[in-house]
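Okay, so here's the structure we're looking at.
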Amino acid sequence: MRGPVDYAPLLAELGLTAADAVHVLAAAAGSHARLAELRRALAGAVPPGCAAFALGSLGRHESSALSDLDLAVVYRRGALDPADAHGAREAVAAALRARGLDVADKTFHSAVALDDLLGDIGGRDDTNDHLTYRALLLTEGAWLANAADAAAIVEQVFGAYTAGAITRGRYLTSLSNDLHRYYRTICVDYRFKVENAGKHWAVRYFKLRHSRKLWHLANLAVFCRAALLPDEARDGWLAEQLPRPPLLRVADALRPLGGLHLCAGLVTAYDAFLAALAEPDTRRALDVLAYDVREASPVFRRLRAGAERFDEAATAVVGHLWQRSPDHLVRYGLL
């Protein structure tokens, strides 16, 4: 995204006001300010041939003061020594933590070489981590350091799918299928983290029912819309759309399909979710909530009701896509 995310035109089209999307607007403004601050702080922190990205809620312009930061550092093998890339990642992480940010050392714990991400897509050596990098760099990778290198890296990831002579698909289904695959992966990853790794379940559960689902819906919508564009315009439009915040992607896909009004329910339901995640007391209540007593929790019941409203809005969008775009693309995403 260039410049701050502006939801005002969309809200006006939907007949909504700023009061209907207080937390969507606050998250977008706060994320933009945070990114600008971090980019200034990290200027010159990463050597050429390497770039640092913010993924997750900050990359989607949906973060709050309680959000952690998924830091990804990607480098070009041959342009930079691996040890220097790993050192740059550690230096950036330390600088971010010194500013009070919670930088998680999970999937993105070390620098990764670009050719490792692209060399075996769909093959035996294509790990869940590599899939995660590709999916998130394309859809929520906001650069933190070395903007030009970051743009070139994202362009090369996108090009790995468009360049397929046999497998790309007329509608670039090689990429849409990989994004769908990532969505299924994080749904199953929830099981591992909760059942095997002992992680808190409730926040993850509601993220699956809101932010993860919206991310998947946005991908489905843009590929359905792209299928109706001239062949020569499709790839460029997708490359521009995929990095946009999910709510705007859904709106941009539905507008020419006569379904923009369906976004109103998505916006208001999602605003309630962002409000909950920005509340420290709500976070604490969810972090200590035992699964077997969830029905006794007013916080759980409130968020579940919100998730059901979000489901209703998302289902209406899918039904419209089914009627107004190539239905086989909807089947790919849902079945």
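Numbering (this note's numbering), first residue to last: 912 to 1246.
Note that the Cβ used here is the ideal one computed from N, Cα and C, for glycine as well.
- Of the residues assessed, Q1234 falls on the exposed side of the cut-off, its CB having fewer than 16 other CB atoms within 10 angstroms.
- Here A1189 carries a coil assignment [DSSP, helix/strand/coil].
- When the beta-carbon positions are compared, F1019 and A983 come within less than 9 Å of each other.
- Note on geometry: alpha-carbon atoms of W1126 and L991 lie some 33 Å from one another.
- At the C-beta level, R1166 and E924 come within 9 Å of one another.
- Per DSSP, the beta-bridge partners of C961 are Y986.
- Within the model, the alpha-carbon separation for E1223 versus S1122 is close to 15 Å.
- Contact between A1059 and V957 is absent: CB atoms are separated by about 11 Å, not below the 8 Å threshold.
- As the crow flies, the alpha-carbon of H943 is around 28 Å from that of V1228.
- D917 and Y1243 have their C-alpha atoms some 31 Å from each other.
- Straight-line spacing of the CA atoms in L927 and P920 works out to 10 Å.
- Annotation for W1054: the continuous beta strand (DSSP E) segment containing it runs A1053 to A1056.
- V1014 is bridged by DSSP to L980.
- Inclusion of A1046 and Y1093 in the CB contact set at 9 Å is warranted, their separation being smaller than that value.
- Residue environment for R1155: buried (at least 16 other C-beta atoms within 10 angstroms of its C-beta).
- With a 10 Å radius around the Cβ and a threshold of 16 neighbouring Cβ atoms, I1077 comes out exposed.
- Distance from L1200 to A1113 at the Cβ level is roughly 5 Å; contact confirmed, criterion being Cβ atoms closer than 8 Å.
- For V1178, the three-state secondary structure derived from DSSP is helix.
- Ranked by Cα distance from G960, the options T1073, D1013 and A1024 are led by A1024.
- Under the rule that a run must span 4 or more residues, the alpha helix (DSSP H) segments found entirely inside the region 1055-1116 read 1058-1073 and 1084-1102.
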